[in-house]
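Only one structure is covered here, and it is reproduced in the block below.
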Amino acid sequence: MNKLSLYLGCITPNRYPGIEKATKLCLDRLEIDYADLPGASCCPAPGVFRSFDKATWLLLASRNIVLSEEMERDVLTICNGCYGSLVDANNELKDDLALKKSTNTHLEKIGKAFKGTVAVRHIIELLYDEPGPEKIKEMVTSPLDIRVALHYGCHLVKPSKERNLGSTEDPRFFDELVEATGAESVNYPDKMACCGAGGGVRSALLDKSLEMLEHKLSRIRDADVDCIVNACPFCHLQFDGGQIEIKEKRGIEYNIPVLHYSQLLGLAFGYLPEELGIDLNLVTNEEFLLKLKGDR
Amino acid sequence: MNQSNKSNKSNISDALKDAGLPILTCLQCGTCSGSCPSGRYTGMITRKLVREARVSTDVLHDPDLWMCTTCYTCQERCPREIKITDAILAIRTIAVHEGIMLPEHRRVSQLVLEHGHAVPINDLVKEKRERLGMEALPETVHKYPDALLDVQTLLESCGFDKLAAIAQE
């Protein structure tokens, strides 16, 4: 495996630091060589900035990639949105010499240049490749006896022509990683449906965004699970913060705990919920925390 | 063509074709609309957006344009393999360059211009980070003022500050 830089994005460090901490604990346990990526900025958010101006989107994304190029490390993302922005920008800049040239004209002003020497990875496809679910299962010290509603999120697997991760209608790779922790990945209707946050919809049209979320939450509640697992802090924010917003606006309480995969894996490695920031979510479900303690 | 069409400068369909996103092969079969998670709740009709984009620049003012969550399901399922989501993003770009931007999106733009983050940190999260034994500020532009200056230089260099300001009017 190539050496990695940990690209944080916005929502992980600035809203859900538990995901950052859990990711680092898991990478250490898995003995994966990673380093911080000092000075990184917003990816920038694909839904809004990619919509507004392609040159701006490419330019900010390229700067983040260049920081990692300078460290001679591949970029590791822990968010579907960041992955979408950075992997697509990296590919476009590698493939299109004219775009690379025009981007570098701007980068020159801060003394940088895009070279195209590193890859952009997402923690889920990375872990599936290496060490892989079998090896992770062997390393698990506290197998989890819980039922999980897995949410892949859109930009991990789509657009499939750019991602090359197989089926977008019924993928399995992320389920295998969840099951490596001992948890059961429960099938539910509309499992591959969007959480409703992306494309600037959550920021500009919150009520509509929450209706889409509630559709998914109702399917998940019917599946009788212990928690939702995702690999995208923006989906995480939508599922966690969105449940509070739905409760405030509509008086309906779902109270379903939300975990990033790094937090789930952290639990299976024996870390406590409070070491992984699971208790810092907006949804507080004591029953779930007690069940996790019982598992220990 | 009505007056509003004439007054707009862009020919959307040609612009999309130039961007490698041709939409003229659309059959209007409706697979996109049937697959759209937003359409169920927002009333967004993807098929209509594609049709509109072929014939008129009115699409730039269609509120549906901003209801797409960019989930890419329509693009994955299109039997003509039209890059529908990418086309929607490209149409949005034309709209923004014509000065059309939702106020909330303008606010997000300003956050990035000011902080280098679309979602900047706040005191509550600094406290949460410290409770987890982490530094209050992450290893991002938040901790390195020179890095933030670089980001701002780039945003100015590509004219994004002006674009966000034009859209403000």
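So the sequences go chain by chain: A and B. Reminder that position 234 of the first sequence reads as 1393 in the numbering used here, one-by-one numbering, no gaps. Reminder that position 81 of the second sequence reads as 82 in the numbering used here, one-by-one numbering, no gaps. Ideal Cβ placement from N, Cα and C applies to all residues, glycine included. This one's a predicted model, so the numbers in the text were calculated from it and none came from an experiment.
Cutoff 6 Å; reference residue i; Cβ partners in own chain excluding five residues on either side
| i | result |
| --- | --- |
| F1332 of chain A | Y1287 |
| A1382 of chain A | A1308, V1345, Y1347 |
| S34 of chain B | G40, I46, T47, R48 |
| C1353 of chain A | C1313 |
| A88 of chain B | L17, L22, I24 |
| L1418 of chain A | C1386, V1388 |
| G1243 of chain A | P1205, H1314 |
| A137 of chain B | K127, R130, E131 |
| I1305 of chain A | A1342, D1385 |
Residue i in three-state terms, based on DSSP
| i | result |
| --- | --- |
| D1438 of chain A | helix |
| S1222 of chain A | The displayed chain sequence assigns Arg, not Ser, to residue 1222 of chain A. In the structure shown, R1222 of chain A sits in a helix (DSSP, three-state: H, G or I). |
| A1257 of chain A | helix |
| E1328 of chain A | coil |
| D1195 of chain A | strand |
| R1174 of chain A | coil |
| T1300 of chain A | coil |
| S1227 of chain A | helix |
| D1288 of chain A | helix |
| L1448 of chain A | helix |
| R78 of chain B | helix |
| D1212 of chain A | coil |
| V1277 of chain A | coil |
| N1161 of chain A | coil |
| L1189 of chain A | coil |
| T1182 of chain A | helix |
| E1267 of chain A | helix |
| N1245 of chain A | This sequence places Leu at residue 1245 of chain A; Asn is not what is there. Correct three-state label for L1245 of chain A: helix. |
| T1262 of chain A | helix |
| L1252 of chain A | helix |
| N3 of chain B | Only weak support is given to the placement of N3 of chain B: the predicted model assigns it a pLDDT of 42, under 50, and the value that follows is read from those uncertain coordinates. Reduced to three states, the DSSP call for N3 of chain B is coil. |
| L1235 of chain A | strand |
8 Å CB neighbourhood of residue i in its chain, flanking five on each side removed
| i | result |
| --- | --- |
| T186 of chain B | Only positions 2 to 170 of chain B appear in this structure, which leaves residue 186 of chain B out of reach. |
| H116 of chain B | V142, H143, L149 |
| A91 of chain B | A16, L17, A20, L22 |
| V1225 of chain A | L1266, K1271, A1272, F1273, K1274 |
| N6 of chain B | Model confidence at N6 of chain B stands at a pLDDT of 45, short of 50, so the residue's coordinates are unreliable; what they give is reported in the following sentence. If we look at N6 of chain B and ignore the five residues flanking it on each side, its Cβ neighbours are S57, T58, D59. |
| P38 of chain B | T70, C72, T74 |
| N1223 of chain A | Y1166, L1196, A1199, S1200, C1202, V1234, L1245 |
| F1447 of chain A | D1385, C1386, P1416 |
| N1414 of chain A | Q1402, V1442, N1444 |
| L1324 of chain A | E1284, L1315, V1316, P1330, F1332 |
| T1138 of chain A | Any answer about residue 1138 of chain A is impossible in this case: the structure gives chain A only from 1160 up to 1455. |
Contacts around residue i, its chain only, beta-carbon distance under 7 Å, and the 5 residues preceding and following it disregarded
| i | result |
| --- | --- |
| N3 of chain B | Only weak support exists for where N3 of chain B lies, its pLDDT of 42 falling under 50; the coordinates are left without a value. |
| D162 of chain B | L114, L156 |
| C30 of chain B | P80 |
With three or more beta-carbon pairs closer than 8 Å as the criterion, would you say the region 97 to 109 of chain B touches the region 1353 to 1365 of chain A? As far as the Cβ criterion goes, the region 97 to 109 of chain B touches the region 1353 to 1365 of chain A, which means the pair count is three or higher.
List, from N- to C-terminal side, the alpha helix (DSSP H) runs of 4 residues or more that fit wholly inside the region 84 to 166 of chain B. For the region 84 to 166 of chain B, the full-length alpha helix (DSSP H) segments reaching 4 residues or more read 85 to 98, 104 to 116, 124 to 132, 146 to 158 along the chain.
Just list the alpha helix (DSSP H) runs in the region 1381 to 1433 of chain A, keeping only unbroken ones of 4 residues or longer that don't cross its boundaries, in chain order. Entirely contained in the region 1381 to 1433 of chain A, the alpha helix (DSSP H) runs reaching 4 residues are, in chain order, 1392 to 1409, 1420 to 1427.
To be precise: take each residue of the region 1185 to 1210 of chain A, compare its Cβ to all Cβ atoms of chain B, and keep it if any distance is under 8 Å. Which residues remain? Answer set for the region 1185 to 1210 of chain A: D1195, L1196, P1197, G1198, A1199, S1200, C1201, P1203, A1204, P1205, G1206, V1207, F1208, R1209, S1210.
Between the region 41 to 60 of chain B and chain A, which residues of the former have a C-beta closer than 8 Å to a C-beta of the latter? Flagged, chain order: R41, Y42, T43.
Counting only runs that start and end within the region 24 to 75 of chain B, where is the beta strand (DSSP E) found for 3 or more residues in a row? Runs of the beta strand (DSSP E) lying entirely within the region 24 to 75 of chain B, each at least 3 residues long, are absent.
Using a Cβ-Cβ cut-off of less than 9 Å, give me the residues of the region 1324 to 1357 of chain A that come near chain B, in sequence order. Taken in chain order, the members of the region 1324 to 1357 of chain A whose beta-carbon sits within less than 9 Å of a beta-carbon on chain B are T1327, E1328, D1349, M1351, A1352, C1353, C1354, G1355, A1356, G1357.
If contact means a Cβ-Cβ distance below 8 Å, which residues of the region 1303 to 1317 of chain A contact chain B? Answer in chain order: C1313, H1314, K1317.
Closer than 7 Å between beta carbons: that is the criterion. Which residues of the region 1256 to 1275 of chain A meet it against chain B? Against chain B - using a Cβ distance shorter than 7 Å - the residues of the region 1256 to 1275 of chain A are H1265, K1268, I1269.
Quick one: which residues of the region 132 to 147 of chain B get their C-beta closer than 8 Å to a C-beta of chain A? List them in chain order. Against chain A - using a Cβ distance shorter than 8 Å - the residues of the region 132 to 147 of chain B are R132, L133, G134, M135, P139, E140, T141, V142, H143, K144, Y145, D147.
Taking beta-carbon pairs under 9 Å, can you tell me which members of the region 94 to 108 of chain B lie near chain A? Taking 9 Å as the Cβ-Cβ cut-off against chain A, the residues of the region 94 to 108 of chain B that qualify are T94, A96, V97, H98, M102, L103, P104, E105, H106, R108.
Between the region 1179 to 1190 of chain A and the region 1416 to 1429 of chain A, do three or more beta carbon pairs fall short of 8 Å? Result yes; three or more Cβ-Cβ pairs closer than 8 Å.
Runs of 3 residues minimum, wholly inside the region 1299 to 1376 of chain A: which ones carry the beta strand (DSSP E) assignment? Qualifying beta strand (DSSP E) stretches, in chain order: 1306 to 1309.
Cβ contact (3+ pairs, closer than 8 Å) linking the region 1426 to 1441 of chain A and the region 1294 to 1303 of chain A: The region 1426 to 1441 of chain A, when compared against the region 1294 to 1303 of chain A, does touch it at the 8 Å Cβ threshold.
For the region 1380 to 1403 of chain A, list every residue whose C-beta sits within 8 Å of some C-beta in chain B, in sequence order. If the cut-off is 8 Å between Cβ atoms, the region 1380 to 1403 of chain A has nothing near chain B.
Across the region 1370 to 1379 of chain A and the region 1397 to 1405 of chain A, are there enough close Cβ pairs to call them in contact, namely three or more that are closer than 8 Å? Enough Cβ pairs lie closer than 8 Å, so yes.
By the 7 Å beta-carbon criterion, what residues does the region 72 to 83 of chain B contribute toward chain A? Listed in sequence order: C72, Y73, Q76, E77.
Of the residues that make up the region 106 to 126 of chain B, which ones have a beta carbon closer than 9 Å to any beta carbon in chain A? Within the region 106 to 126 of chain B, those residues whose Cβ lies closer than 9 Å to any Cβ of chain A are, in chain order, H106, R108, V109, S110, L112, V113, H116, G117, H118, A119, V120, P121, I122, N123, V126.
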